[in-house]
Amino acid sequence: MSDTDATNAETVGSIPDDAVATSSGSDGSSSRLDLGSGGPDVAEQYPLQVEGLRKTFGGITAVDDASFRVEQGSLTGLIGPNGAGKSTTFNLITGMLQPDSGTVTFDGEDITGRKPHAIANKGLVRTFQIARELQDMTVLENLMLAPKGQQGETLWRSVTPGFRDDVIEQEEELLERVWNVLEFFDIDHIAEEYAGNLSGGQRKLLEMARALLTDPDMLLLDEPFAGVNPSLEKRLLEHIHELREQGYTFLLVEHDMDLIMENCERVIVLHQGRVLTEGSPEEIQANEEVIEAYLGGNV
Amino acid sequence: MSVREDLADRVPGGDAGFIVAVLLGVYAAYVLAGVALGYSIRGQLNSVAVLTFYIGVFAMLALALNLHWGYTGLFNIGIVGFMAVGIYVMALVSKPPAGTGAAQIGGLGLPLVVGIVAGMAAAALLGALVALPALRLRADYLAIVTIAMSEIVRFTFLSGTLEEFQLFGQQVGFGGGSGVILNFTDPMEAFFRFFGLWDSYLGIVTAFEVIIPNNPKPVVDGLVYGVVLLGFVAVLYWLLKRTGESPFGRVLKAIREDEDVANSLGKDTNRFKIKAFMLGCALMGLVGILWLMTSGSVTPNFFRPRVTFFVWIALIIGGSGSNTGSVLGGAVFAALLFQGPRYVKNLVDTVIPNADAPSSFGPAVAPLFSNFDPSPLFFYTIDSIRQLQLVFMGLVLIWLMHNRPEGMLGHRKETAAGIPLTSSRAKGTAHADGGERGGTDE
Chain A
726 MSDTDATNAE
736 TVGSIPDDAV
746 ATSSGSDGSS
756 SRLDLGSGGP
766 DVAEQYPLQV
776 EGLRKTFGGI
786 TAVDDASFRV
796 EQGSLTGLIG
806 PNGAGKSTTF
816 NLITGMLQPD
826 SGTVTFDGED
836 ITGRKPHAIA
846 NKGLVRTFQI
856 ARELQDMTVL
866 ENLMLAPKGQ
876 QGETLWRSVT
886 PGFRDDVIEQ
896 EEELLERVWN
906 VLEFFDIDHI
916 AEEYAGNLSG
926 GQRKLLEMAR
936 ALLTDPDMLL
946 LDEPFAGVNP
956 SLEKRLLEHI
966 HELREQGYTF
976 LLVEHDMDLI
986 MENCERVIVL
996 HQGRVLTEGS
1006 PEEIQANEEV
1016 IEAYLGGNV
Chain B
46 MSVREDLADR
56 VPGGDAGFIV
66 AVLLGVYAAY
76 VLAGVALGYS
86 IRGQLNSVAV
96 LTFYIGVFAM
106 LALALNLHWG
116 YTGLFNIGIV
126 GFMAVGIYVM
136 ALVSKPPAGT
146 GAAQIGGLGL
156 PLVVGIVAGM
166 AAAALLGALV
176 ALPALRLRAD
186 YLAIVTIAMS
196 EIVRFTFLSG
206 TLEEFQLFGQ
216 QVGFGGGSGV
226 ILNFTDPMEA
236 FFRFFGLWDS
246 YLGIVTAFEV
256 IIPNNPKPVV
266 DGLVYGVVLL
276 GFVAVLYWLL
286 KRTGESPFGR
296 VLKAIREDED
306 VANSLGKDTN
316 RFKIKAFMLG
326 CALMGLVGIL
336 WLMTSGSVTP
346 NFFRPRVTFF
356 VWIALIIGGS
366 GSNTGSVLGG
376 AVFAALLFQG
386 PRYVKNLVDT
396 VIPNADAPSS
406 FGPAVAPLFS
416 NFDPSPLFFY
426 TIDSIRQLQL
436 VFMGLVLIWL
446 MHNRPEGMLG
456 HRKETAAGIP
466 LTSSRAKGTA
476 HADGGERGGT
486 DE
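Chains as they are written, first to last, in my numbering: chain A, 726 to 1024; chain B, 46 to 487.
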């Protein structure tokens, strides 16, 4: 825990000024991108803990007794060959699928089998393997959707005169936050564009920006670099590192071994639904079992 | 960017101005056609009143359906069912108790307003009942459930079991196949009496005798009721515009686009869907009430599924997803597809009163080939215009799907936010700091 604090302190000045300057203003002590209230709880060293997770589809066991945990403030990679159960694990953690057995604990609370929106509201937010932007909504609308605790999401408040004034006021604050995030990701020039018109890479940026605006503690990124060109991949990685230094925790599903090895501190290897091994990139690279799994041998 | 969109931008008053302009255009076309063909003033005013009535009800229904389909992506093809529940429950609550009125079946004898609210509430509850199981399934199932529901509702009101029953010690009922006589106070009278304006209203009616010497009241009633309906359209438009331009509307739009995404961003999508569905159903119930409460009686077979599909056509013409488009679609559908052909038939009947229409297709076509006389076919067509109307609607629908699937105003920017979302950062900042543009909620 103290390690991450130290990292935070060291990197105070590292974020480009123009990214945050417009919003935080007087509050120079915070290095976090100003996304509104709060930040990740540093109370737990391992905010996400998965125990004995199991899921079968008919006769196929997609996830078979998988157990791992993710360290607070880390960038952890979840790798494995095709069909290893990575996406299924993600869906089980985020409530899109119900596990047959096992538990998922987040921030000390058992969230196994909870509804996706409840899990997202606890601060565990995911992105999708194929970017799922809301096509017929503009980039701004996409982003305005994300923040939690919007009064105007209660129908009568949005409609009733008098109460609507508060809603409008909150909308103005939200728009400020949205602009900060747009500028952070350098996509403010496409703010009014319909999301369906964006390029693949811009969609990935939009999706990550949207996830960030929910003010999460931990982000689950499902292959954020799939179909992204090398220069944008570099940019995305920079953003992820920047955010991690600010205290966000990342769990990253990725195919690309090199990318994981260069960027993650911890790597979890899934194979045939089980956790094959877990460790630092160096340890993983030296592990015979992992190499065999990737080369298709039977372990 | 089409010509139409540019047109909408150029009309003063924005969306509302555009709606008014289209309405004026429609009325002008009706009146001019009437004048050219020598319609009487009474006939003119009557046709305007009827036209206004249908513009009003279809605009409101399209608005309510737009909340379901255009905003939330809920495939509701049971609109008539909610309309039926609205008017039937309203009748049950507001009809005078048995024995006091001329009709045999009584009601609870409560004021009209209570009846209207009860009718809307019942429609909303039925909506919740239908939605709860269906929303958990894939979207298409809601369509199946709603159309089945609307038929169940119709057959329930047709059934002898509910023809008469006891409720709160009163003998009430839905009248089965022969329907319910709506023997409550004339809604127009109740409306004007509420504001203490009944006598002045009767004065206005008398003043109309200058134009229509013979019994002007039905004509004036029709015109004024049309105006009242347009007032309701305005209120619904305002309500749904506010609903759409809010964080609530934004979540609805997100559900339409991709429900999983909305869910993974922490929105309890089922709750949003049920709320939106219930609101739309309540409004459909209200339209059912407004459509039928001045008609004297109501029978279950009015509520056949075709009315539902009329509303869908109206929404598709206007452009789903746009409230302005919904009103326009309702108006254009009512004027051109629903009322238009009948108006043409009436006009032709007036101009050529004693034309003999052939009784079947054979005699209608034969002269065309034997001596190139198209008139029998023409009269035959005019005579069958009510049946042909459905063919026209089908053709228009096919044409729209091919050439303009987004409708007149679909895919227009109706931003789902309480404030304008502009691309200029500077504007937004100035706004937040200065707080000058407080009245952006309209």
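Using N, Cα and C, we set each Cβ at its ideal position, and we do this for glycine too.
With a threshold of 7 Å between beta carbons, B:ILE132 makes no contact with chain A.
When Cβ-Cβ separations below 7 Å define contact, A:ILE818 makes no contact with chain B. With its beta carbon at least 7 Å from every one in chain A, B:LYS262 lies outside the interface. Around the C-beta of B:ARG181, fewer than 16 other C-beta atoms lie within 10 Å, and the residue is accordingly described as exposed. Excluding sequence positions up to five before and after B:MET135, its CB lies within less than 6 Å of the CB of GLY160, ILE161, GLY164, ILE334, all in the same chain and listed in chain order. Listed as beta-bridge partners of A:VAL829 by DSSP are A:VAL775.
Within the same chain, Cβ atoms closer than 6 Å to the Cβ of B:ILE132 are found at GLY333, ILE334, LEU337, VAL343, the five residues on either side in sequence being excluded. Spatial neighbours of B:SER365 in its own chain (CB-CB distance under 7 Å, excluding positions within 5 residues in sequence) are listed in chain order as ASN111, TRP114, GLY115, GLY452, GLY455. Contact annotation: B:LEU108 and B:SER371 have beta-carbon atoms nearer than 7 Å. A:HIS914 counts as exposed, since fewer than 16 other C-beta atoms from the protein chains shown sit within 10 angstroms of its C-beta.
Runs of alpha helix (DSSP H) with 4 or more residues, each lying fully within the region 178 to 205 of chain B, are found at 184 to 203, listed in chain order. Under DSSP, A:ARG991 shares a beta bridge with A:THR801. Comparing alpha carbon positions, the residue from A:SER799, A:THR786, A:PRO886, A:LYS847 closest to A:SER826 is A:THR786.
Comparing C-alpha distances from B:VAL102 to each of B:ILE197, B:LEU227, B:VAL356, B:LEU242 shows the shortest one belongs to B:VAL356. By the CB criterion at 7 Å, B:PHE348 and B:ALA129 fall inside the cutoff. When DSSP states are grouped into helix, strand and coil, B:VAL269 belongs to the helix group. Rounded to whole angstroms, B:ILE397 and B:ALA78 show a C-alpha spacing of 15 Å.
It is roughly 28 Å from the alpha-carbon of B:LEU274 to the alpha-carbon of B:GLY83. Under the Cβ criterion (8 Å, minimum of three pairs), the region 377 to 391 of chain B does not count as touching the region 232 to 242 of chain B. For B:GLY118 against B:ILE361, the beta-carbon gap comes to about 15 Å, at or over 8 Å, which does not count as contact.
Per DSSP, A:GLU1003 is one residue of the beta strand (DSSP E) stretching across 999 to 1004.
Residue range 406 to 416 is occupied by the alpha helix (DSSP H) that includes B:SER415.
The continuous stretches of alpha helix (DSSP H) do not include B:LEU155, and DSSP gives it neither H nor E.
Straight-line measurement puts the Cα of B:PRO292 at about 13 Å from the Cα of B:PRO465. For B:ARG301, there is no enclosing beta strand (DSSP E); the enclosing alpha helix (DSSP H) covers residues 292 to 302. The DSSP assignment places 210 to 212, 215 to 217 as complete runs of the beta strand (DSSP E) inside the region 207 to 280 of chain B, in order along the chain (cut-off: 3 residues). Contact check between the region 806 to 826 of chain A and the region 910 to 930 of chain A: fewer than three CB pairs, one atom from each, fall below 8 Å, which does not count as touching.
Here A:HIS980 carries a coil assignment [DSSP, helix/strand/coil]. In this structure, DSSP gives A:GLU834 an extended state, which the three-state scheme calls strand.
Look at A:MET869: its C-beta is under 7 Å from a C-beta on chain B.
Closest in alpha carbon position to B:PHE322, among B:GLY311, B:LEU445, B:LEU187, B:VAL80, is B:LEU187. Nearest to B:TYR425 by C-alpha distance, out of B:ASN448, B:LYS390, B:THR395, is B:LYS390. Between A:ALA809 and the set A:LYS847, A:LEU849, A:VAL1000, the nearest pair of CA atoms involves A:VAL1000. Shown here, A:ILE785 sits in a strand according to DSSP, grouped into three states. Per DSSP, reduced to three states, the secondary structure at A:THR852 is coil, with no helix or strand assignment. Around A:ARG851, the beta-carbon contacts reaching into chain B at under 7 Å are SER309.
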